[in-house]
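Below: one structure, written as structure tokens.
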Amino acid sequence: METFVIILYGVNLLINHKYKSFDEIKNNFTVGNMVKSLKKVEQFEKLLGMYTPTIRNSVIHISYQIDPLNKTLEFSDKKTKILLSFEEFILYVQEMTRCAILVSQLEREYNYLRLLEYKQKRDLILKMKD
Numbered sequence: 101m102e103t104f105v106i107i108l109y110g111v112n113l114l115i116n117h118k119y120k121s122f123d124e125i126k127n128n129f130t131v132g133n134m135v136k137s138l139k140k141v142e143q144f145e146k147l148l149g150m151y152t153p154t155i156r157n158s159v160i161h162i163s164y165q166i167d168p169l170n171k172t173l174e175f176s177d178k179k180t181k182i183l184l185s186f187e188e189f190i191l192y193v194q195e196m197t198r199c200a201i202l203v204s205q206l207e208r209e210y211n212y213l214r215l216l217e218y219k220q221k222r223d224l225i226l227k228m229k230d
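With the first letter of the sequence shown counted as 1, position 123 gets the number 223 in the numbering used here; the numbers rise by one all the way through.
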């Protein structure tokens, strides 16, 4: 999920004519701050609407509990708890998977735009040498 957010954040920067590498973004911004920033942008808010930091943090820090008798999962992060039925969790994962697939397509476009930007810069440099 972290990669998903970093790519979206990078695409948003590129749209706004700013560029930072994947590593620059990963090392200088927290996932939470990136999500807050992206949720302010209409196009990205729709993609991140279901994203729940509590579930993400709970999974990463292994602070969840499975109740097979009641068919529920409880996700805990700091003071926040979320209880989902198995069915709700499956729907959540399906929706997040759809978003991840879309982001992988965006990543391809992002890489293409970076390559195009590189080509334009290279062409400018070559023109200056002539």
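For glycine and all other residues, C-beta sits at the position ideal for the given N, C-alpha and C. This one's a predicted model, so the numbers in the text were calculated from it and none came from an experiment.
Q. Under a three-way DSSP split, which group does Lys120 fall into?
A. If you number the sequence shown from 1, residue 120 lands on position 20. Coil, per DSSP.
Q: Starting from Tyr164, follow its DSSP beta bridges and name the residues at the other end.
A: If you number the sequence shown from 1, residue 164 lands on position 64. Partner(s): Phe175.
Q | As assigned by DSSP and simplified to three states, the class of Thr180 | A | One-based indexing of the sequence shown puts residue 180 at position 80. Note: Thr180 maps to strand in three-state DSSP.
Q: Going by DSSP, name the residue or residues bridged to Ser137.
A: Taking the first residue of the sequence shown as position 1, residue 137 is located at position 37. Beta-bridge pairing links Ser137 to no other residue.
Q) Are the stretch 101-109 and the stretch 140-160 touching, with three or more C-beta to C-beta distances below 8 Å? A) yes
**Q.** Boundaries (first-last residue) of the alpha helix (DSSP H) holding Asn112
**A.** Residue mapping note: residue 112 aligns to position 12 of the sequence shown, counting from 1. From DSSP, the alpha helix (DSSP H) with Asn112 extends over Glu102 to Ile115.
**Q.** Continuous alpha helix (DSSP H) stretch holding Phe129: start and end
**A.** Taking the sequence shown and counting its residues from 1, one reaches residue 129 at position 29. Careful: Phe129 lies outside any alpha helix (DSSP H) and carries neither H nor E.
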